[in-house]
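Below is one structure, written out as structure tokens; comments come after it.
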Amino acid sequence: MNDPSRRLVIMRHAQAETVASSDHDRALTARGITAATETGRWLAEHGVVPDHALVSAARRTRQTWDAVAQGAGWELEPDIEPALYSAGSESVMDLLRLTPDGAKCVVVLGHNPTVSYLAQLISDGRGLAALHEEMARGFPPTASAVFDVTETWSSFALGDGRLVGFHVGVH
Numbered sequence: 031m032n033d034p035s036r037r038l039v040i041m042r043h044a045q046a047e048t049v050a051s052s053d054h055d056r057a058l059t060a061r062g063i064t065a066a067t068e069t070g071r072w073l074a075e076h077g078v079v080p081d082h083a084l085v086s087a088a089r090r091t092r093q094t095w096d097a098v099a100q101g102a103g104w105e106l107e108p109d110i111e112p113a114l115y116s117a118g119s120e121s122v123m124d125l126l127r128l129t130p131d132g133a134k135c136v137v138v139l140g141h142n143p144t145v146s147y148l149a150q151l152i153s154d155g156r157g158l159a160a161l162h163e164e165m166a167r168g169f170p171p172t173a174s175a176v177f178d179v180t181e182t183w184s185s186f187a188l189g190d191g192r193l194v195g196f197h198v199g200v201h
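In this note's numbering, the protein residues as written are 31 to 201.
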């Protein structure tokens with residue numbers, strides 16, 4: 031991956047247990063933790079070092095962040111954003127537009143179907159065809175779409191991202 035002026039990672043949480051006291055309280059499975067840690071290593075190997083992160087307040091997304099950050103060696107404390115739990119793609123775009131324009135690399139960690147849909151809408155369609163095909167096949171747990179972005183965050187719009195990486199952690 032080349033060095034963009036800005037980078038955005040749209041990520042889905044890792045595999046979570048199917049039953050808990052509430053959907054919000056579902057924890058990661060052991061496989062989910064392993065996949066998230068491996069995804070963190072992959073992101074680090076590809077030069078992803080966020081200086082800003084938006085993470086849903088759900089237990090499984092916070093645990094995914096912890097495992098990804100451990101795998102990547104990141105020390106960043108994310109912004110825990112309760113709105114990401116049920117946000118649609120336009121709401122996530124609104125949150126991204128509030129990101130400080132000085133941020134060079136942003137990670138958004140949330141839930142399907144929003145993250146899958148958002149990744150498709152952000153793409154300008156001009157990235158590597160193989161990556162687009164892989165992303166179009168689905169956005170399973172720990173899927174991460176990496177985009178180069180040239181616009182400032184405050185003016186970021188749908189179609190402003192060039193897909194430069196796509197990864198699904200081993201699960």
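Ideal Cβ positions, reconstructed from N, Cα and C, are used throughout, including at glycine.
#1: According to the Cβ coordinates, are Leu125 and Ala113 closer than 8 Å?
#2: At what residues does the beta strand (DSSP E) containing Arg37 begin and finish?
#3: Beta-carbon separation of Glu68 and Arg56 under 8 Å?
#4: Please classify Pro143 as buried or exposed, where buried requires at least 16 other C-beta atoms within 10 Å of its C-beta.
#5: Which whole-angstrom value describes the C-beta separation of Gly191 and Asp154, a residue pair presumed to lie in contact below a C-beta threshold of 8 Å?
#6: By DSSP's criteria, Leu85 is part of a beta bridge. Which residues make up the other side?
#7: On the three-pair Cβ rule with 8 Å, is the region 145 to 165 touching the region 68 to 78?
#8: Can you tell which of Phe196, Ala44, Arg92 has its C-alpha closest to the C-alpha of Arg61?
#9: Apply the 10 Å Cβ neighbour rule to Arg90 and answer buried if 16 or more other Cβ atoms are within range, or exposed otherwise.
#10: On the criterion of 16 or more Cβ atoms from any shown chain inside 10 Å, does Ala87 qualify as buried, or is it exposed?
#11: Does the beta-carbon of Thr180 have 16 or more other beta-carbons within 10 angstroms, so that it is buried, or is it exposed?
Quick look at the numbers:
#1: yes
#2: 36 to 42
#3: no
#4: exposed
#5: 6 Å
#6: Going by the sequence as given, residue 85 is Val instead of Leu. Ile110, Leu139.
#7: no
#8: Ala44
#9: buried
#10: exposed
#11: exposed
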